[in-house]
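Report on one structure; see the data block that follows.
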Amino acid sequence: MPGGSEKDVVIRVRGLVNGFGDQLLHDHIDLDVYRGEVLGVVGGSGTGKSVLLRSIIGLNEIRSGTIEVFGRNTDHLNETQWREIEMRWGVLFQEGALFSSQTIAENIQVPLREYTEMTQDLMNEIASMKLSMVGLPENAAPKHPSELSGGMKKRAGLARALALDPEIVFLDEPTAGLDPISANMFDELVKDLQKSLNLTVFMVTHDLDTLRATTDRIAVLVDRKVVVGTIDELRRNPHPWIQEYFSGPRGRAAA
Amino acid sequence: MSTALDATAARASFRMERKPKVLRLVAEGVWTTKDAASLDGQLRHIDLGDATDAEIDGSSLERIDSAGAWLLVRTKREWEQRGKRVGPIKIPPMYDTLMHAVEHEHTAPPVVIHNRHTLEAFVGRVGQSTIHGLKQGVGILGYIGRVTVEVSEAIYHPRGNLRVAALIHQIEETGINALPIVGLLSFLIGVVLAYQGADQLKRFGAEVFTINLLGVGLLREIAGLITAIIVAGRSGSAFTAQIGTMRVNEEIDAMQTIGINTVDALVLPRVIGLVIALPFLTLYADIMGMIGGAVMCYFDLGITIPVFMRQLQEAITVNTFMVGMIKAPVFAFIIALVGCFEGLQVERNAASVGKLTTRSVVESIFLVIVLDAGFSIMFSILGI
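First to last, the sequence lines map onto chains X and G.
Everything in the first sequence is counted per my numbering, starting at 1 for the first residue and increasing by one.
Everything in the second sequence is counted per my numbering, starting at 1001 for the first residue and increasing by one.
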């Protein structure tokens, strides 16, 4: 937490190796994510940003290395322990990944129904609260995902990710495909929620404005390794890709 | 480090303190989503008594999340509605922003979940799908008209818009590649038909008429019908899935902006290809079915091949064969048309491809059988 005396590591990645066939994607990556920070993950196309995210949340079988979440090695967890961990994080997938056969309100209630014994009344109240937290109007609740715009789908996806009040939220390209105004609003939303819910945010993104507006630190995937730092530290990094990224025309415009 | 799963350490609880006219709710422990369910019930059943003022004190809470905060806010709102004066909710200062977000930025009523399993909803769905079915019928009829016009134009005024390579590809895909399955199934149908026929006719000592049954049954009706149904399941569904996927990927929109006529490019090769391929497949099914029947007759009834052929010659005429064959192009036209039509109806999401592919198969098999019945009536009127 900013201002905290000792940094509390919620996600610890050590020696992570990932690859497809004989092509190596991650070569012994080390990465720490601290409690209460917003960590941005950037990298060129095909550098394995999403694969890193999916490795941490257990959707991707890793080749070697260890991943610890809340101080527990995710490799050694049994079913119950996995559920306990999964309850404490929320994931927003790229297109929202809302269940298409259910309304937005029902989508938000899926984790509540799965993990708690709440009455339907309480779940309805909570769904309504999550909707206003992510800035969706009341009339979005009875709609089906196909009736919403891309930006609204992402907000609804975020509301579902936040349904259980998780400690960590994983965001996969949250502002991709949004117009600049919606993207700005989404940045502010993430920042607000992060503050009010004291979230740790792990965000894969390409959006330089988002990086500047929301992140505390940035992890850059280059040459199958990861370089971590604040935006100012990274600007001083001599690596050509990082230079090009943060000091290229778009990088300067976002500064 | 508070990394341990310590949620069980301090459970959520609250106690009520009653002073004259003042009711005080003191929340303690960890108020999170996990325990919201049990707190919820208790909070709803607090006896307010005769108090006029109330206080909510959460200042000794260890941790609270938005669900816990909501429970406090809801309790406050409920009490206010019942005419009590409720002071501001006290909570540890680190949760001020959370409390603010829940209390001041959230005023919407709870969401309403409609039960979709009521009788009313069922009747509504039936009505909706009836109207949808009628609209669908009108749509297909219009489409049949359009494609018929385009096909006849392509034939009578060839303007080089028939794509030969695509046409040949379709014939290969729907015709030649279907040979194994059509052949095997027709052979088996022939075997089954011969066996059942022989079994019944033996009682009258009329085994030899099994061959009449086979000849007329297969050539007139069954071979054509079976082939059409297999092709509807195999190629009709493929048409819908292919064209539907192209719609999802916006390929069809891209074609239109480039100025390619989508009927020329996508529908005509498939329709004409299938209209050419299906009669040949039907002929092949006729032959395979007869072979199956002949084999069964030989083993079951001891009828040799020459006897079989002689009896067959007496049983059927060219007309019998033609009646079966004439239906094939019509079935092909309908199957290809429905497949393409449904493909073009796909919306821009992946789920819609699957839904419409199913519908395409069901509709084309339905139409094939209806048409077959129509043909039967027509032929009986014509006396063929």
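Where a beta carbon is used, it is the ideal one built from N, C-alpha and C, also for glycine.
CB-CB length for residue i against residue j, believed under 8 angstroms
| i | j | result |
| --- | --- | --- |
| Leu98 (chain X) | Pro145 (chain X) | 4 angstroms |
| Ala1036 (chain G) | Met87 (chain X) | 13 angstroms between Cβ atoms; not a contact. |
| Ala1067 (chain G) | Ile126 (chain X) | 6 angstroms |
| Ile1305 (chain G) | Ala1315 (chain G) | With 8 angstroms as the limit, Ile1305 (chain G) and Ala1315 (chain G) do not qualify as a contact, their Cβ atoms being about 15 angstroms apart. |
| Val1368 (chain G) | Ile1334 (chain G) | 7 angstroms |
Helix, strand or coil at residue i according to DSSP, with G and I counted as helix
| i | result |
| --- | --- |
| His26 (chain X) | strand |
| Pro240 (chain X) | helix |
| Lys1090 (chain G) | strand |
| Val69 (chain X) | strand |
| Val201 (chain X) | strand |
| Asp1053 (chain G) | strand |
| Glu1250 (chain G) | coil |
| Phe20 (chain X) | strand |
| Val220 (chain X) | strand |
| Gly48 (chain X) | coil |
| Gly1205 (chain G) | coil |
| Asp1199 (chain G) | helix |
| Leu1312 (chain G) | helix |
| Ile1176 (chain G) | helix |
| Asp172 (chain X) | strand |
| Ala1336 (chain G) | helix |
| Ile968 (chain G) | A query on residue 968 (chain G) cannot be resolved here, the shown segment of chain G reaching from 1001 to 1384 and no further. |
| Arg1085 (chain G) | strand |
| Ser1346 (chain G) | For clarity, residue 1346 (chain G) is Val in the given sequence; the question names Ser instead. Of the three classes helix, strand and coil, the one that applies to Val1346 (chain G) here is coil, per DSSP. |
| Asp1040 (chain G) | helix |
Residue i, buried or exposed, once every other Cβ within 10 Å from all chains shown has been counted against 16
| i | result |
| --- | --- |
| Gly157 (chain X) | buried |
| Ala1254 (chain G) | exposed |
| Glu1207 (chain G) | buried |
| Val10 (chain X) | buried |
| Met256 (chain X) | Residue coverage of chain X in this structure runs from 1 to 255, which leaves residue 256 (chain X) outside it and unanswerable. |
| Asn107 (chain X) | buried |
| Trp89 (chain X) | buried |
| Gly3 (chain X) | Below a pLDDT of 50, predicted positions are generally treated as unreliable, and Gly3 (chain X), at 42, falls in that range; the measurement from the model is reported next regardless. Under this definition Gly3 (chain X) is an exposed residue. |
| Ile1176 (chain G) | exposed |
| Gly1029 (chain G) | buried |
| Ser149 (chain X) | exposed |
| Asn1249 (chain G) | exposed |
| Pro1279 (chain G) | buried |
CB contact flag (residue i, residue j, <7 angstroms)
| i | j | result |
| --- | --- | --- |
| Gly40 (chain X) | Ile218 (chain X) | yes |
| Gly58 (chain X) | Thr47 (chain X) | no |
| Ser1360 (chain G) | Val1346 (chain G) | no |
| Trp1031 (chain G) | Met129 (chain X) | no |
| Arg12 (chain X) | Asp32 (chain X) | yes |
| Ala1223 (chain G) | Asp1300 (chain G) | no |
| His239 (chain X) | Val226 (chain X) | no |
| Leu1268 (chain G) | Ala1165 (chain G) | no |
| Gly1289 (chain G) | Leu1179 (chain G) | no |
| Leu1225 (chain G) | Ala1194 (chain G) | no |
| Ser64 (chain X) | Val17 (chain X) | yes |
| Gly1273 (chain G) | Leu1167 (chain G) | yes |
| Gly1343 (chain G) | Gly1244 (chain G) | yes |
| Leu1061 (chain G) | Ile1089 (chain G) | no |
| Ala1238 (chain G) | Phe1331 (chain G) | no |
| Gly1292 (chain G) | Gly1190 (chain G) | yes |
| Thr210 (chain X) | Asp192 (chain X) | no |
| Phe170 (chain X) | Val51 (chain X) | no |
| Val204 (chain X) | Lys49 (chain X) | yes |
Residue-level contact to chain X via CB, residue i, 7 angstroms cutoff
| i | result |
| --- | --- |
| Ala1012 (chain G) | no |
| Val1030 (chain G) | no |
| Val1164 (chain G) | no |
| Val1330 (chain G) | no |
| His1106 (chain G) | yes |
Within-7 angstroms CB hit, residue i to chain G
| i | result |
| --- | --- |
| Glu86 (chain X) | no |
| Ile126 (chain X) | yes |
| Ala156 (chain X) | no |
| Pro249 (chain X) | no |
| Ala97 (chain X) | no |
| Met203 (chain X) | no |
| Leu122 (chain X) | yes |
| Glu173 (chain X) | no |
| Met118 (chain X) | yes |
| Ala159 (chain X) | no |
| Ala219 (chain X) | no |
| Lys195 (chain X) | yes |
Distance cut-off 6 angstroms: residue i Cβ against heavy atoms of the ligand FMN
| i | result |
| --- | --- |
| Leu164 (chain X) | Because no ligand of any kind appears in the structure shown, any question about the ligand FMN cannot be addressed here. |
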